[in-house]
Each structure stands twice: as C-alpha cells, then as structure tokens.
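Numbering (the numbering used here), first residue to last: 795 to 1219. I have placed the structure first, in the form of structure tokens, so that the comments after it can refer back to it.
Shown next as structure tokens:
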C-alpha cells in the first residue's frame, strides 16, 4: 500500500497537468464589473506579474486638512504670520505657492510647487479656514519640518515596480491596488473545470423518494461544496452501476472539463462501476495506507484525442470527504494558489483511542478550550453527521496502534473555528 504522501504527490501531478494547460482569462478592473459578476471575481489568481504603470499616489498630496507652507520661510523660534492664499481642493491643479503665503489645502489635494509641508488646521491660529476670497492672515507655529503631512508621489507604489507576481491571489485590497495604479484589466488563471460523478445503483437525488435499497446522494453535495471552496467550476453527474453509461458521461463532458472526479465503485468487489469502466485504460486502482479512504484510483483516460486526468474516491461519505482533504484540496491549492492550506498543529489527546495496524488513521475530532483533541463519533466511514460536527482530523500515523490520554497527536484543521457555527468556547 502507498502512503498518503506518495498518493498526494501523484494527485498533485495530475492536477498540475490538468490545470496548467488552461488559457489565461482577462478581467476588467472596475467596481462596476466586480459588482456585476462577484462570483467571477472571487478567488482569482494572477497569471503573470503585474508592473505598476504609474506612481501611487501620482503626485504629492496632503494627508490632512490644513495649510500648505514652505518651511524655508518659517521662523524656527516662534510663530510665523503668513498671508492666506487661494484654497486648494482635491481634484484640481494647485497654483504655485508664493513666498510668505500659506494655502488652505484639503485632504488628498495636490501640494503646490513651493510648499514642502502641511500644517493641520487644528495647529494654526485661527484654527479654521477664512471665507473664500477674504484677505486673512494665519499664524503657523514653530517646529514644522519639511515633509510633514505630505504623501509623496510613489510613496505607496513606485512606477515600474512589480505590484504582484504570477500566482498571487487577488484579495479586495489587491483589487484596490490594481485600480489605484490605473490598470484597466489583468490576466488571471482560468478556474479549473471538473466533472464530478457520483456512482451507484443505490443513489437517489436529494429530495427524491427512495426506492428499495436506495440512499440519497450525499457525496455529490459534499464534494461540490468542497470544490467550490478552492475555486473549481463543477459539473455534476450521477450514474448507476453501468460502466458504459459512465464512459458516455465522461465522453459527453470531456471537451468542457480539465479533470474528472468520481466517488464510489473503486473497491475490489462486484458492481465496481468506476473500476470496470476505467481499469486497463490508463487509470490505476490500489490502496493507500489510510483509514477512512483506503481504496483510490488515479490516472488518465483517453477521450477525444486527449488524456483526461481522473481521480477516483471511495463511495462512503466520510471516506470521500477525507480523501478530498488529504489529496485533492492540497493539490488544487498548491497548483492554483486559491485558498489557504489547512493548518496543522500538535495537541494532547483528551482520551485514549485505538488505530488499525498498518494504517494512517484520520479520525474526526474537535480541539476544545482545554487545548486537547476530543474525538467526534466513531471511526466508521458512513458517519457523516459526526464529521459535520468536527473541526479537525486527528492524525494517528502508520505504526501507532494506540494513543493514550495525554499523548501528543497532530490535528488537521477542517475549517476556521471562528466561522464554525458551534465554535468551541
């Protein structure tokens, strides 16, 4: 049996081959475009380095409402009386500052030629602007230094500098930097497109009446939701235990997807539809030394003159979801740059637990306020409701068949605890 690490490397290589061939996609950098198509802009990753075309700010401007002054004309030992010049609002060209003048200036307005500092309105006498067009004098205190309350041109971004490198995920602040830099469009990586196929004669659509021996398809919902978290565009299908039908579904969608993910039908029993359809055509089936999620499939199938990467998960709901956390989520994050890798850290166990010999067990659990790992539910791979209450996977590696209370274990985060509906308190 292969290790989790070996299988993760195999899945990552498949995802790399599938995603790196995708064309880049131009996106317009305007608030109107972002507001009109928020889903299109969420979790996008740059396809190339972005260079700043201009300085940001593009000119020296005032950090405060106050007076623009020349420090060369100020008395260093006491207040200096200056004539009040024409007001300088934001968004207009500033007339040059004459010797002996102080120009009322608004936050964000251009600092005029001849001025090298801004004195906040509350620091001068009187501490308010005179009416426009009225001759007035203002007293500026001693101690004003050159550069005070002036945002120099390029102090945020210098023209010609690399704003962001290829592979950078675009957050709201980064979209703002692009806009402030005057860029009207950027190239981003296209989202991975995945065909998600739930398999099994026993599956019924959620909400549909159940026939004899049927269950509702949970894997389609759990995996589609998980894939959305890492920016994948998902097409969903469901097939019975019919290998020809599965191959037909893959062929029908092959030109529109980069990767196929199946759940179910990968073990060594009868009615293993995925194995029946893909074995011998470039997909390998085998076992990973983990529980749950041991049976796995990986490889590529030839369809429409191309090799289409395929990843195959087992059908039990927890096995499928744990397989996603162990393999596909980290592979997609590594290749696409979308999302933050799940945190892993060591904590003591709250109670004893057994683990199967020769398997890397991943148990559902929570880290409570006592800082210890508490298992949630049993180890059975159908206990999805228990998984829904878990915030971590408790990792018990190969070679450890028992952990006792107080033994240190590694836990893998399943979610941000602050967002969890029942966060530990």
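From the three backbone atoms N, C-alpha and C, an ideal C-beta is built for every residue, glycine too. If you're wondering where the values come from, they're calculated on a predicted model, not measured in any experiment.
Sequence-distant residues of its chain with Cβ nearer than 6 Å to residue 1195 (five each side left out) | 1149 and 1151
To which residues does DSSP link residue 1091 through a beta bridge?
-> 1079 and 1106
To which residues of the same chain is residue 930 closer than 6 Å at the C-beta, ignoring the five residues directly before and after it?
-> 878 and 924
Is there contact here, the stretch 1003–1019 with the stretch 1071–1091, by at least three beta-carbon pairs under 8 Å?
-> no
For the stretch 896–916 against the stretch 847–861, are there 3 or more C-beta pairs whose distance is under 8 Å?
-> yes
Kindly list the residues whose CB is nearer than 7 Å to the CB of residue 870, restricted to its own chain and excluding five residues on each side of it in sequence; keep chain order.
-> 936
If you draw a straight line from the C-alpha of residue 919 to the C-alpha of residue 885, how long is it?
-> 26 Å
Meets three-Cβ-pair contact criterion under 8 Å: the stretch 833–850 and the stretch 943–963 | yes
What are the boundary residues of the alpha helix (DSSP H) that residue 1127 is part of?
-> 1123–1130
What number of angstroms, rounded off, separates the C-alpha of residue 1043 from the C-alpha of residue 1073?
-> 16 Å
Backbone CA spacing between residue 1164 and residue 1144 [nearest angstrom] = 9 Å
Roughly how many angstroms separate the alpha carbons of residue 798 and residue 1084, rounded to a whole number?
-> 7 Å
Residue 1027 (DSSP reduced to helix, strand or coil) = strand
Got a sec, what are the start and stop residues for the beta strand (DSSP E) residue 848 sits in?
-> No beta strand (DSSP E) contains residue 848, which DSSP labels as neither H nor E.
Would you mind listing the beta strand (DSSP E) stretches within the stretch 871–922 that are 3+ residues and don't spill past its ends, in chain order?
-> 874–878, 895–899 and 911–914
Closer than 7 Å by C-beta to residue 1137: which residues in its own chain qualify, once you throw out the five before and the five after it? Chain order, please.
-> 1207
Kindly indicate which three-state DSSP category residue 992 falls into: helix, strand or coil?
-> strand
Any C-beta of chain B sitting closer than 7 Å to the C-beta of residue 1203?
-> Among the chains of the structure shown, chain B does not appear; only one protein chain is present.
Assigned exposure category for residue 1213 - 16 Cβ within 10 Å defines buried | In this prediction, residue 1213 scores a pLDDT of 42, lower than 50, which makes its location untrustworthy; the coordinate-derived value is nonetheless stated afterwards. Under this definition residue 1213 is an exposed residue.
When the Cα atoms are used, what is the spatial distance from residue 1203 to residue 1131?
-> 28 Å
If we ignore side chains and look at the alpha-carbon of each, how far apart do residue 1005 and residue 1030 end up?
-> 22 Å
Report back the beta-carbon spacing between residue 1032 and residue 997 to the nearest angstrom; my notes put them in contact at under 8 Å.
-> 6 Å
So what does DSSP say about residue 999, is it helix, strand or coil?
-> coil
Just how far apart, CA to CA, sit residue 1217 and residue 1181?
-> Note on residue 1217: pLDDT 38, under 50, position unreliable in the model; no value is reported.
Given residue 1108, which residues of its chain have a CB within under 8 Å of its CB, disregarding the five upstream and five downstream residues?
-> 1057, 1058, 1060, 1061, 1086, 1087, 1088, 1089, 1090, 1114, 1117 and 1175
Sort out for me which residues DSSP pairs residue 1232 with in a bridge.
-> As displayed, the chain neither begins before 795 nor continues past 1219, which places residue 1232 out of reach and without an answer.
Inter-stretch contact at 8 Å, needing at least 3 Cβ pairs: the stretch 1037–1052 / the stretch 965–976 | no
Proximal residues to residue 1140 (C-beta, below 6 Å), its chain only, five neighbours per side dropped | 1202 and 1204
By a C-beta neighbour count over all protein chains shown, 10 Å radius and 16 as the cutoff for buried, is residue 895 buried or exposed?
-> buried
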